[in-house]
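Read the structure below first, then the notes.
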Amino acid sequence: MYIRKRIYEIIEIAEPDDYISHAYDIFMIAIIIISIIPLAMKKISPAWRDVETICVYIFITDYFFRFITADYKMGDKSLSSFIKYPFTPLAVIDLLSILPHFIVINSGFGLLRLIRLAKALRVFRIFKIFRYSTNIDVVLAVVRRSRDSLIAVGTLTVAYILTSALIVLNVEPQTFDNFYEAVYWATVSLTTIGYGDIIPVSFVGRLVTMLSSFFGIAVIALPSGIITTGFMDEIHERQKNERKAKRKNKADDYHHKE
Numbered sequence: 004m005y006i007r008k009r010i011y012e013i014i015e016i017a018e019p020d021d022y023i024s025h026a027y028d029i030f031m032i033a034i035i036i037i038s039i040i041p042l043a044m045k046k047i048s049p050a051w052r053d054v055e056t057i058c059v060y061i062f063i064t065d066y067f068f069r070f071i072t073a074d075y076k077m078g079d080k081s082l083s084s085f086i087k088y089p090f091t092p093l094a095v096i097d098l099l100s101i102l103p104h105f106i107v108i109n110s111g112f113g114l115l116r117l118i119r120l121a122k123a124l125r126v127f128r129i130f131k132i133f134r135y136s137t138n139i140d141v142v143l144a145v146v147r148r149s150r151d152s153l154i155a156v157g158t159l160t161v162a163y164i165l166t167s168a169l170i171v172l173n174v175e176p177q178t179f180d181n182f183y184e185a186v187y188w189a190t191v192s193l194t195t196i197g198y199g200d201i202i203p204v205s206f207v208g209r210l211v212t213m214l215s216s217f218f219g220i221a222v223i224a225l226p227s228g229i230i231t232t233g234f235m236d237e238i239h240e241r242q243k244n245e246r247k248a249k250r251k252n253k254a255d256d257y258h259h260k261e
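In this note's numbering, the protein residues as written are 4 to 261.
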């Protein structure tokens, strides 16, 4: 029981005085970065393939440790913790980081696309860093805190994109061959990027484009304000908790001295 608890303490984000856990976090971040390097190469040498294999087996070991300590992570000592854990977001990311390495396929056009998909899935290893960084943990806490507001903004954005796409597709069918192209145009217009590869030419189409661009400025600003406010609240709360912990430690030390 003690061994499993100690493993859990090591593999989770390190406490300030837990140097072994700090070393583990740094080691795993280094392994993640090394494992991502081959994705930037069109051709991978045999040496890099061996490095990839070593990294994958380290990921497997890390996943095994996390699975056997799932009850500590989930806060539930029952068997259900071990059933629920593989379906948690970070556990799914761990699996997506490992499984593509074991996709063994031969040549063929249809299978070639599967190979490319498997390689693309390895990009999910970047998100494994979330486990080992306190700063990223703050970001995730802010997202959780602002979840409802961000979902509302996201819903509004998707609704506006689909509505704009439907409008422009019907007022200017000669420019847009299908609904997907209209959605692409609406998304680009909303973000005010404006690639210019699809351009409405009618008066109504251009009017819709202008309205979409103006609306995009407001929509992009909303998440920024929500996240900034969330950051400030999270930082203040953590500082408040740290001050409380320091006062408690001082009080405990004072009582021990007496």
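Virtual Cβ for every residue (Gly too), placed ideally from N, Cα, C.
Inspect the beta-carbon positions of residue i and residue j and report whether they are closer than 9 Å.
i    : j    : result
F67  : I96  : no
P41  : I34  : no
L93  : F62  : no
F105 : Y88  : no
I39  : Y135 : no
E55  : V145 : no
D65  : M31  : yes
V141 : A168 : no
S149 : T232 : yes
L153 : P226 : yes
C58  : I37  : yes
With a cut-off of 8 Å on the beta carbons, I'd call residue i and residue j a contact; round off their distance for me.
i    : j    : result
I223 : T190 : With 8 Å as the limit, I223 and T190 do not qualify as a contact, their Cβ atoms being about 12 Å apart.
I229 : V156 : 7 Å
Return helix, strand or coil for residue i, following the three-state DSSP convention.
i    : result
M77  : helix
M213 : helix
T56  : helix
V107 : Residue confidence for V107 is low, a pLDDT of 46 falling below 50, so the modelled location carries little weight; the figure read from the coordinates is stated next. Here V107 sits in coil by DSSP.
D21  : coil
I262 : No information on residue 262 is available, as it lies outside the stretch 4 to 261 that the chain covers here.
K45  : coil
G197 : coil
T232 : helix
Y187 : helix
S237 : First, the residue type needs correcting, since residue 237 is Glu and not Ser in the sequence shown. The answer is helix: DSSP assigns E237 an H, G or I state.
Y27  : helix
Y5   : helix
E15  : coil
Y88  : helix
T64  : helix
L102 : helix
Cβ of residue i less than 9 Å from any chain C Cβ?
i   : result
A26 : The question asks about chain C, but that chain is absent: this structure has only one protein chain.
At least three beta-carbon pairs within less than 8 Å, the stretch 232-244 to the stretch 209-217: Segments in contact, no.
Three-pair Cβ contact test at 8 Å for the stretch 67-76 versus the stretch 5-16: The answer is yes - the stretch 5-16 touches the stretch 67-76, with three or more Cβ pairs under 8 Å.
The stretch 164-183 contacting the stretch 194-212, beta-carbon criterion three pairs below 8 Å: Flag = yes, the stretch 164-183 and the stretch 194-212 touch.
4-residue-minimum alpha helix (DSSP H) runs that sit fully inside the stretch 143-185, ordered along the chain: Taken in chain order, the complete alpha helix (DSSP H) segments of 4 or more residues contained in the stretch 143-185 are 150-174.
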